[in-house]
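Trainee: Here the sequence shown is numbered in our numbering, starting from 214 and rising by one per residue. The C-beta atom is built at its ideal place from N, Cα and C for all residues, glycine as well. Bear in mind that the values here come from a model prediction, so they are computed numbers and not experimental data. Pasting a structure below so you can have a look.
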Amino acid sequence: MSRIYLTPPHMGERERELLLDAFDSNWIAPVGPHIDAFEREFGEKVGGLHAVALSSGTAGLHLALLLLGVGRGDEVLVSTFTFAATANPVVYTGATPVFIDSDRRTWNMDPGLLEDELHACARRGKLPKAVIVVDIYGQCAEYDPILEACGKYGVPVIEDAAEALGATYNGLPAGKFGEAAVFSFNGNKILTTSGGGMLVSREASKIEKARFLAGQARASSPHYQHGEIGYNYRMSNLLAAVGRGQLVHLEERVARRRENYEFYREKIGDLPGVVFMPEAPQGRCSRWLTCLTIDIAAFGATPEDIRQALEAEDIESRPVWKPMHLQPVFRDCRVRGGQVSEEIFRDGLCLPSGTTLTQEDLGRIASIIRKTCGKAHGV
Ligand SMILES: Cc1ncc(COP(=O)(O)O)c(C=O)c1O
214 MSRIYLTPPH MGERERELLL DAFDSNWIAP VGPHIDAFER EFGEKVGGLH AVALSSGTAG
274 LHLALLLLGV GRGDEVLVST FTFAATANPV VYTGATPVFI DSDRRTWNMD PGLLEDELHA
334 CARRGKLPKA VIVVDIYGQC AEYDPILEAC GKYGVPVIED AAEALGATYN GLPAGKFGEA
394 AVFSFNGNKI LTTSGGGMLV SREASKIEKA RFLAGQARAS SPHYQHGEIG YNYRMSNLLA
454 AVGRGQLVHL EERVARRREN YEFYREKIGD LPGVVFMPEA PQGRCSRWLT CLTIDIAAFG
514 ATPEDIRQAL EAEDIESRPV WKPMHLQPVF RDCRVRGGQV SEEIFRDGLC LPSGTTLTQE
574 DLGRIASIIR KTCGKAHGV
């Protein structure tokens, strides 16, 4: 039996055809017709936004910060419960991240703590230059109170929707909530181009500027005039072709991921101490990953016991993100709150969530978890 991965790529015939079309056309470059089409089709898919295709989601976050003028000496508020790629670009600009804890109801940034931090910053006379709000594991953050708090202090929001393509909040697609938003097409994401990202915005001028910076800030003159420092962040035309093939499957892939979650909930939701990541009432989570927490005393085993039991059967699962304020590299950064994400980290686990999982795979995974209940090594 072959290994079951956490969230492997899922390619189809259309992707192959488009990739070969790009190859045969000899547009083997970070320019070409598939890039233009991918940007247009993607922008439409996320509610009529302007879009620029990039080499990664991380590059998108870096450019978004630059567009908002973030630089040396600035502070940027960031969800602490995330992957390091959310916070690293803040440091690339010379600014400092300040971490905000999660709300237990969504696992995303707690709007009350955000408001408290903005208030404290205003009183100190130094507001953050931006806030990066993450839509974790395919669930949009609570944007009504978040945007209200940021609007009150005039601080712009960047939406890190890297994990949340296909999710909605109040009926609007992820990506619509910030001055700019970022998606990732890394190999583990709901749609993939092997590696890549998309920066989107309501403002065409922001996307034009990002496109300019991503192409080494090359002003239009035959000798390449450079008035600004640029970056080599554009996506290849080959990968854009793959992305176009993937994009047509989005709704079906979200539906499959939600079915995975429903399957797990039905088969192991009754076990003592098992609680799935909650779905906020205003939103529709894409369930990019199905995540749960374990009350160790009630379940009689730890998330690590489950992870090891699955691993012994060649099945990959993974702890949830370790909060950024616990990461050695960010140890000197301020954090508001912290306990909620620490508890989710202590108790959490991400289960295999790919769209190629069979009913048999899912059944095997559920039965291994069921057998682990009460079989603690260290409890
Ligand atoms: C929350 C989050 N932000 C940013 C990124 C960065 O995206 P990329 O890997 O495309 O640079 C990822 C995933 O990789 C992510 O999960």
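Buried or exposed: which applies to T503, given that a residue is buried once 16 or more other Cβ atoms fall within 10 Å of its Cβ?
Mentor: When all chains shown are included, T503 counts as buried.
Trainee: For the alpha helix (DSSP H) that G270 lies in, which residues bound it at each end?
Mentor: Taken as a continuous stretch (DSSP letters only), the alpha helix (DSSP H) holding G270 covers 270-280.
Trainee: Please report the residue range of the alpha helix (DSSP H) in which E529 lies.
Mentor: Premise fails: E529 is in no alpha helix (DSSP H) and is neither H nor E.
Trainee: Would a C-beta distance cut-off of 9 Å place I509 and V488 closer than the cut-off?
Mentor: In this structure, V488 does not lie closer than 9 Å to I509 by Cβ.
Trainee: In chain order, what residues of the same chain lie with their CB nearer than 7 Å to the CB of Y366, ignoring the 5 residues before and after it?
Mentor: The answer, listed in chain order, is L331, A335, L340.
Trainee: Using only the alpha-carbon positions, how far apart do S268 and G587 sit?
Mentor: S268 and G587: Cα-Cα distance of roughly 45 Å.
Trainee: Determine the extent of the beta strand (DSSP E) in which L412 is found, giving its start and end residues.
Mentor: Unbroken beta strand (DSSP E) run through L412: 410-414.
Trainee: Ligand 1 and S449: does any heavy atom of the ligand fall closer than 8 Å to the residue's C-beta?
Mentor: S449: no, Cβ never under 8 Å from ligand 1.
Trainee: What are the residues that DSSP puts in a beta bridge with V291?
Mentor: V291 is bridged to F312, I345.
Trainee: Any idea what DSSP makes of N450, helix, strand or coil?
Mentor: Here N450 sits in helix by DSSP.
Trainee: Give me, in chain order, the residues of the same chain whose beta-carbon lies closer than 7 Å to that of P302; leave out the 5 immediate sequence neighbours on both sides.
Mentor: Result list for P302: T271, L274, H275, L278, in chain order.
Trainee: For the putative contact between A589 and D518, defined by C-beta atoms under 8 Å, what is the C-beta separation to the nearest angstrom?
Mentor: Correct: roughly 6 Å between the Cβ atoms.
Trainee: Below 8 Å on the Cβ atoms is my contact criterion, and I expect S499 with V542 to pass it. Report the Cβ-Cβ distance as a whole number of Å.
Mentor: Incorrect: roughly 29 Å between the Cβ atoms, too far for contact.
Trainee: Under 9 Å, do F251 and V413 count as touching if we go by C-beta distance?
Mentor: No, these two residues do not count as a Cβ contact at 9 Å.
Trainee: Three-state secondary structure (DSSP) at C334?
Mentor: Reduced to three states, the DSSP call for C334 is helix.
Trainee: If you compare alpha carbons, which of R583, G440, P494 is closest to R318?
Mentor: Of the listed residues, the one whose Cα sits closest to R318 is P494.
Trainee: So if DSSP puts T381 in a beta bridge, which residue, or which two residues, is it bridged to?
Mentor: Partner(s): P386, R497.
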